[in-house]
Amino acid sequence: MSERDIPAATRASLEDAASPDALLAFLLVEHPALAEPIRLVCDPLDYLYQGEKWTGIVFGYTILDDAEEAVAAAEITLPNVDRRIGQALREITGEARLTLSLLSTADFDLSVVPREPVGTPGVIHHMPGYVLKSVTGDAVQVTGQVGLHDYSQEPWPCVSATQARLPGLYR
């Protein structure tokens, strides 16, 4: 059985409806076709974090499961309220890199807009290295499949040992 980075008791207390602080999901989408990365935070209001403005938009996400018998997969759903975000995500060809970081509202000043950090926010959970595999959308929402890069789809071998490339092998 695989081991979690977050102990089960800690995760349960963070996800408890009676918890005094809410979890904030910061989503970073990077792709060479994008002029600048898309920075979203799962909250109705904007946030300042890491010296950048993160656009507040309430989106849904599922954390990758720990099932060993299945390929790790998750889904992210964004309301299509800002058509620029949905259009940019749908126009990406290939895999976009995703980073999802979970932080607490306790680390931000909630009395100002955009929300500003109080000191250095502590990251509760950091999930780098994921990819956005496919994106579908309509006028209401945009949905993307999230997973790990599939190395089995890489061309192999990348370099062939041909006579033109390695004539010393063919004497």
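Residue numbers (the working numbering): 337 to 507.
Each residue gets a CB set at the ideal place from its N, CA and C atoms; glycine is no exception.
None of the values given here were measured: they were computed from a predicted structure.
Contact test: residue i Cβ vs the ligand ZN heavy atom, cutoff 7 Å
i      : result
Ser355 : Looking for the ligand ZN in the displayed structure turns up nothing, as the structure carries no ligands at all.
Range covered by the alpha helix (DSSP H) that runs through residue i
i      : result
Ala424 : 419-427
Opening and closing residue of the beta strand (DSSP E) in which residue i lies
i      : result
Val478 : 477-483
His367 : Premise fails: His367 is in no beta strand (DSSP E) and is neither H nor E.
Ile412 : 409-415
Thr472 : 461-473
Leu384 : 383-385
Beta-bridge pairing of residue i - partner residues as DSSP gives them
i      : result
Thr391 : Leu376
Gly435 : Gly is not the amino acid found at residue 435; the sequence shown has Thr there. In the DSSP output, where bridge partners are listed per residue, Thr435 has Leu364.
Glu452 : Asp445
Gly396 : Thr413
Ser355 : Ser355 pairs with nothing; no bridge assigned.
Ser349 : DSSP, once it has assigned bridges, lists no residue as partnering Ser349.
Ser440 : Leu359
Short Cβ contact (8 Å threshold) for residue i with residue j
i      : j      : result
Leu414 : Ala361 : no
Ser440 : Asp352 : no
Leu381 : Gly392 : yes
Leu376 : Leu363 : yes
Leu400 : Val471 : no
For the region 422-434 against the region 349-367, do three or more pairs of beta-carbon atoms, one drawn from each stretch, fall closer than 8 Å, so that the two count as touching? yes
Touch check for the region 416-423 and the region 490-498: three-plus C-beta pairs under 8 Å? no
Would the region 495-505 and the region 463-471 be scored as touching if the rule is three or more Cβ pairs under 8 Å? no
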